[in-house]
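In what follows, a single structure is set out as structure tokens and then discussed.
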Amino acid sequence: MSGLIGLRWLELSLAGGGLWAIWCRVQVGVAEGRRERREQEELRAYAGLDVKLAADAEVVELAGQVSQLMAEKSVFRRTAMLVRDAGGELSVAASAGMEEITVQSLNQWAVGVVEAERKGGIGTRRNEGGLGRRVKNNAFAVVFGRTRLDDEPRGAIVIPLWTTAGRMMGALAVGADGLLSVRQRELEEALWPLEALGVKVARAMENAALAERLMRAERLAGLGMLAGGMAHALSNPLTAVLGFAELIAGSTGEPRVKADAEIIVREALRMRQTVETLLEFRRPVGQGDGFVDLVDMVRELAVECGEKLEGRGIRLVVQTDGEVPGVSGNRHRLRQLLEHLLNNAAQALTGVRGVKTAEEMVIRMSLSSLGSGSDGAWGRDGRRVHLIVSDTGPGFREPGRMFDPFHTLQDSGDSVGMGLSLCYSIVQEHGGEISAFNLHPHGAAVAVELPVMRAAEKNSPGVEGSGRRVTV
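So the sequence shown is numbered by the UniProt record's numbering: it starts at 1 and just counts up by one.
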């Protein structure tokens with residue numbers, strides 16, 4: 001009897017175990033279905049996000065939209081988006097639900113990425129070693145540390161935004177405290193929709209930057225043709241005016257007539273300089289490119305101009321970050337580039353003399369290298385020389401128009417506004433990029449990137465440009 005009871009009990013146990021297994025499988029299926037529905041909803045939300053940008057200036061607004069959407073639709077409730085500014089610096093542009101201490105930690109991580117990038121190429125697609133521990137194809141875990149000893153480590157997961165050429169232009173970030181205790185599979189399932197969003201945002205940002213460069217190039221090409229035509233049309237009449245004014249000034253005996261003629265001569269000479277500048281703006285790419293050491297050139301310029309600037313209460317600071325390679329270019333034209341950038345900064349500070357103290361009137365010229373030899377994005381060896389000329393003046397009124405010919409740089413209208421236009425032309429000749437932007441809380445900067453000279457090109461004879469002093 002007891003044996004029958006035991007067998008019956010065993011049958012019931014087995015049946016109960018089977019029911020339990022079935023119930024577990026059902027629950028797993030339900031959870032899997034919920035996860036798939038959530039992922040599909042998340043992907044639909046990301047697909048519906050309008051990421052079209054009319055200009056780079058709208059990137060901050062886009063960063064806010066992306067951060068908010070990630071916080072609403074992903075499993076992560078603390079999100080942020082980092083973007084790179086025109087000066088090459090990386091920082092948090094917007095966040096949602098993220099504590100200030102985590103935002104600060106992300107900014108510190110970004111500073112480290114930029115520093116490592118300039119020294120050894122970290123931050124380029126083929127050299128990602130300094131971004132953090134890889135947790136998925138394009139996601140990296142970063143541990144910031146503990147707020148208190150008994151807390152779990154604070155951390156974040158960053159998803160870099162790559163250009164098609166392999167350079168990081170920003171990153172998506174999600175708060176992930178206690179990161180090391182999360183199962184790898186769960187982490188990967190939560191991250192892959194964010195990786196898809198990252199690709200979409202990166203393409204939108206890159207396309208906006210490309211469209212802006214193309215529009216600027218087309219606008220300046222048209223203005224350059226107009227400027228060249230005007231210069232040729234004005235050249236002959238101006239020569240006649242100048243000649244007759246000099247003749248009158250040298251032959252008259254009346255002081256008043258002589259003074260008036262000298263004014264005509266002086267203004268005609270100033271106009272001729274403008275005409276020559278217009279012709280130079282149309283100048284085709286010159287021959288005679290060779291190896292140019294920009295560090296030596298900047299230091300030479302600092303020696304020549306430092307004393308004059310100090311006499312005007314302006315301090316010139318030259319900074320170099322590590323070993324800066326040379327570039328291939330026309331020495332005379334690159335010297336012109338540096339002179340115009342320095343002149344622009346000095347003019348900006350002249351307008352605030354008396355408002356700022358001597359310690360506050362500063363021009364900085366900084367040189368560093370970006371990229372790595374394994375990144376072929378720039379067609380040479382992938383590395384670029386990064387030059388920033390900044391000042392502590394009032395800033396640009398319209399940074400997007402700074403390279404337009406005749407755009408007035410000073411409130412007084414004294415400047416004809418050709419200096420930065422020529423800078424744009426020179427940088428384009430050398431296959432580089434140039435941008436202007438304002439600094440916070442005050443000041444302005446112009447950033448230039450030029451491709452590094454390949455080792456094979458260094459054997460070519462360089463052209464020694466005529467060294468001339470610049471008036472600042």
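We put the beta carbon where it would ideally sit given N, CA and C, even for glycine.
Local Cβ density within 10 Å of residue i, reported as buried at 16 or more and exposed below that
i           : result
residue 411 : Note that residue 411 has pLDDT 46, beneath the 50 cutoff, so the model's placement of it is unreliable and the number below is only indicative. Per the 10 Å Cβ criterion, exposed.
residue 105 : buried
residue 392 : buried
residue 289 : buried
residue 266 : exposed
residue 215 : exposed
residue 314 : buried
residue 263 : exposed
residue 231 : buried
residue 243 : exposed
residue 166 : buried
residue 379 : Here the model assigns residue 379 a pLDDT of 41, short of 50, so the residue's position is not dependable and the matter cannot be decided.
residue 154 : buried
residue 443 : buried
residue 218 : exposed
residue 225 : exposed
residue 292 : buried
residue 47  : exposed
Residues of its chain near residue i, where Cβ-Cβ distance is below 7 Å and the 5 sequence neighbours each way are ignored
i           : result
residue 271 : 238
residue 467 : Confidence in residue 467 is poor, its pLDDT being 41 and thus under 50, which makes the residue's placement too unreliable to answer from.
residue 95  : 67, 79, 80 and 103
residue 84  : 90, 169 and 170
residue 473 : The structure shown does not extend to residue 473, since the chain is modelled only from 1 through 472, so no value can be given for it.
Nearest candidate by alpha-carbon position, reference residue i, set the options
i           : options               : result
residue 175 : 394, 295, 432 and 81  : 81
residue 387 : 210, 320, 395 and 258 : 320
residue 399 : 83, 385, 155 and 438  : 438
residue 311 : 210, 226 and 349      : 349
residue 420 : 115, 86, 70 and 342   : 342
residue 449 : 45, 65 and 86         : 86
residue 208 : 323, 169 and 190      : 169
residue 365 : 100, 323, 340 and 316 : 316
residue 213 : 441, 444 and 433      : 433
residue 394 : 369, 441, 370 and 401 : 441
residue 185 : 137, 49, 226 and 177  : 137
residue 370 : 236, 49 and 115       : 115
residue 40  : 73, 360 and 69        : 73
residue 233 : 308, 401, 300 and 276 : 276
residue 88  : 117, 69, 236 and 240  : 117
Check whether residue i and residue j have beta carbons under 9 Å apart
i           : j           : result
residue 91  : residue 79  : no
residue 436 : residue 446 : yes
residue 327 : residue 143 : no
residue 187 : residue 135 : yes
residue 493 : residue 367 : For the chain, the structure presents residues 1 to 472; residue 493 sits outside this window and is missing.
residue 161 : residue 198 : yes
residue 424 : residue 403 : yes
residue 346 : residue 390 : no
residue 93  : residue 64  : yes
residue 362 : residue 294 : no
residue 71  : residue 97  : yes
residue 51  : residue 200 : yes
residue 202 : residue 241 : no
Own chain, CB closer than 8 Å to residue i, minus 5 neighbours either side, in chain order
i           : result
residue 43  : 193 and 196
residue 297 : 331, 334, 335 and 338
residue 60  : 83, 93 and 94
residue 257 : 248
residue 49  : 65, 66, 69, 197 and 200
Beta-carbon contacts of residue i that lie in its chain and below 6 Å, excluding the five residues immediately before and after
i           : result
residue 173 : 80, 106, 156 and 158
residue 414 : Because residue 414 sits at a pLDDT of 42, beneath the cut-off of 50, its placement in the model cannot be relied upon, and the point is left open.
residue 430 : 329 and 450
residue 75  : 190
residue 133 : 141
residue 163 : 169 and 206
Beta-bridge pairing of residue i - partner residues as DSSP gives them
i           : result
residue 79  : 96 and 174
residue 113 : In DSSP, residue 113 forms no bridge with anything.
residue 390 : 364 and 445
residue 160 : 171
residue 384 : 370 and 451
Any non-hydrogen atom of the ligand SAM closer than 8 Å to residue i Cβ
i           : result
residue 250 : Among the ligands in the structure shown, none appear at all, so the ligand SAM cannot be discussed.
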